[in-house]
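Residue numbers (this note's numbering): 12 to 590. Beta carbons: idealized from backbone N, C-alpha and C, even for Gly. Quick caveat, the model's predicted, so the values are computed rather than measured. Okay, structure first, notes after.
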């Protein structure tokens, strides 16, 4: 992460000062930083932690402010610093950590050597300890601008028995130019920096309590109430942080913490370039998430009565959990309490095709793509849910309505994927309907039905799958074009499962684009049937199965897209252009 982390202190004599900072270097160290390495540097103690190699190196130009006589140093003069303003002693080399994975160096010193960086850090330090503070003067705050960078600042107090009010004021700041990245990193930075602060405060509190036990300062000050405050402190106006915490290795520990913070914060977020408009699946997911959040707000305010088990709550592509509203807030429709489920039985469409057989799988896939109701009857709920997880990948998210498991038959308008226990009676007209397909999972009559395919803990050799429908798909039926392409991808053993998944994504996007054209042509522009037939021929979807598929997939279009089309077409300018 291209940022600087710094520890700042408000000195009672000199005001806000930077004590210690760690910066990221993607190129070799600054001029003179590596030329002064002593010949025996390989014999120096080195420590590796989390892929970062840490070493303390002697450099010809020390980064510690006041340690060099160079007049070009951007830091304050040595005479303008006290013990409370100084971290590293004069001549201290500072700290350098090498990240072997990325060839990045993390350099720690009191101030940045570069004058521009020094100015940015200095300004952030002053603002964090003066005007940019949260109520109570202790806690996190965000400020900054495009010119001087954006700052995450966390102010805090350190106990000191000799200080005014028995405490001194510090802050840890993170500075970077990317505002969005820094805001998105707020929860992470807050937790980790709060941990560093707690450790510092804990060490200082132990020292404070020991000093108060040996020589209570409160009573002594009350006895000398009329003595000038600076005089009664006997010259102890400034105490270093190492003295307040009684930790001689404090700066080395802070360097390790700051270097890890920069590395971890940079690794947890990655940028992804998205080209083009969001897909329909993305829009539908966003709409469902917004709807679920609105419903969850109602759950927080009042207790909701439990509905009978015969009427499960269903959302398109997801079942709402009655016991835990938080479970329902998941935006991804591919999970139903995954943490509480075993490993899926069906791993992929290719896996299911091998289990069911080519003809049975084709019949099942045809009904799925056409929007007919798919019913699974089995004792194993995990098996049914894994089957739905696999089959739903063939459909747009907006076309998926699932009841994973029920003790009563549900009508097709409520769900197109329905899981039932074996004892549930299905109405006869459903069993003979051409708009439904039934998959019965029975115990296999033979002990090893698929001995060569599955040998894991959840092997399917104990099951027998019977696929029936009132309208079986003939083997010589052409079927929808997308089904033929899906089968071609599944039978091609040169394609891995991941590649097949990407093929499905591309096929769904291709046909969703055709659905959009057909929707605008028929629903928005209200063209006659003759023109619609010509359009279907141009789209390569004039066959009966393709037309049925397009009409079903039209129900999966997002509300955002539909409302955008309607508002655009009804505008006066668009009406004139059509005429």
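Cutting at 6 Å between CB atoms, please list the residues of its own chain near residue 78, excluding the five before and the five after it. Confidence is the limiting factor: at residue 78 the pLDDT is only 38, short of 50, which leaves the residue's position unreliable, though a coordinate-based value still follows. Result list for residue 78: 101 and 102, in chain order.
Residue 187 bridges to which residues according to DSSP? 161
Please report the distance separating the alpha-carbon of residue 278 from that of residue 474. 45 Å
Ends of the alpha helix (DSSP H) at residue 548? 540-550
Backbone secondary structure at residue 119 - three-state DSSP: strand
Determine, using beta carbons only, whether residue 449 and residue 376 come nearer to each other than 8 Å. no
Segment contact flag, the stretch 378-387 with the stretch 419-436, C-beta cutoff 8 Å, min 3 pairs: yes
Sufficient close CB pairs (3 or more, under 8 Å) joining the stretch 212-220 to the stretch 246-260: yes
State buried or exposed for residue 138, treating a residue as buried only when at least 16 other CB atoms are found within 10 Å of its CB. buried
Expressed to the nearest angstrom, what Euclidean distance is found between the alpha-carbon atoms of residue 221 and residue 169? 15 Å
Can you confirm whether residue 120, when its beta carbon is compared against all beta carbons of chain D, has any partner nearer than 8 Å? Looking at the structure shown, chain D is missing, and only one protein chain is on hand.
Assign residue 577 to buried or exposed, taking buried as 16 or more other Cβ atoms, counted over all protein chains shown, within 10 Å of its Cβ. exposed
With a threshold of 8 Å, are at least 3 pairs of Cβ atoms found where one atom belongs to the stretch 520-536 and the other to the stretch 386-399? no
Closer than 8 Å by C-beta to residue 506: which residues in its own chain qualify, once you throw out the five before and the five after it? Chain order, please. 500 and 514
Is it the case that the Cβ atoms of residue 516 and residue 550 are separated by a distance below 8 Å? no
How about residue 273 and residue 565: are their beta carbons less than 8 Å apart? no
Given that a residue counts as buried once 16 or more other Cβ atoms are within 10 Å of its Cβ, and exposed if not, what is residue 561? buried
Tell me whether the beta-carbon of residue 15 lies closer than 8 Å to the beta-carbon of residue 128. yes
Is the beta carbon of residue 172 sitting closer than 8 Å to the one on residue 219? yes
Counting Cβ pairs closer than 8 Å, one from the stretch 286-295 and one from the stretch 119-134, do we hit at least three? no
Where residue 117 and residue 163 are concerned, what is the direct C-alpha to C-alpha distance, given to the nearest angstrom? 19 Å
Please name the residue, chosen from 276, 154 and 161, that lies closest to residue 200 on a Cα-to-Cα basis. 276
Suppose you measure from the CA of residue 211 to the CA of residue 304; what does that come to, to the nearest Å? 40 Å
With DSSP run on the structure shown, which of helix, strand or coil describes residue 507? coil
Indicate the three-state DSSP secondary structure (helix, strand or coil) for residue 276 in the structure shown. helix
Find the nearest neighbour of residue 420 within the set 545, 447 and 96, judged by alpha-carbon distance. 447
From residue 180 to residue 111, what distance separates their C-alpha atoms? 36 Å
Quick one: what does DSSP say residue 478 is sitting in, helix, strand or coil? strand
Looking at the structure shown, is residue 111 part of a helix, part of a strand, or coil, going by DSSP? coil
Going by Cα to Cα distance, which pick from 374, 532, 365 and 559 is closest to residue 546? 532
Which one or two residues does DSSP pair with residue 26 in a beta bridge? 22
If I'm right that residue 96 touches residue 28 with Cβ under 8 Å, what's the distance once you round it to whole angstroms? 4 Å
Could you work out which residue in 183, 99 and 35 is closest to residue 113 when comparing CA atoms only? 35
Measure from the alpha carbon of residue 121 to the alpha carbon of each residue in 154, 18, 368 and 281, then state which is nearest. 18
8 Å Cβ cutoff met for residue 405 and residue 477: no
Which residues DSSP lists as bridging residue 365, in chain order: Answer by DSSP bridge pairing: none, since residue 365 is not bridged.
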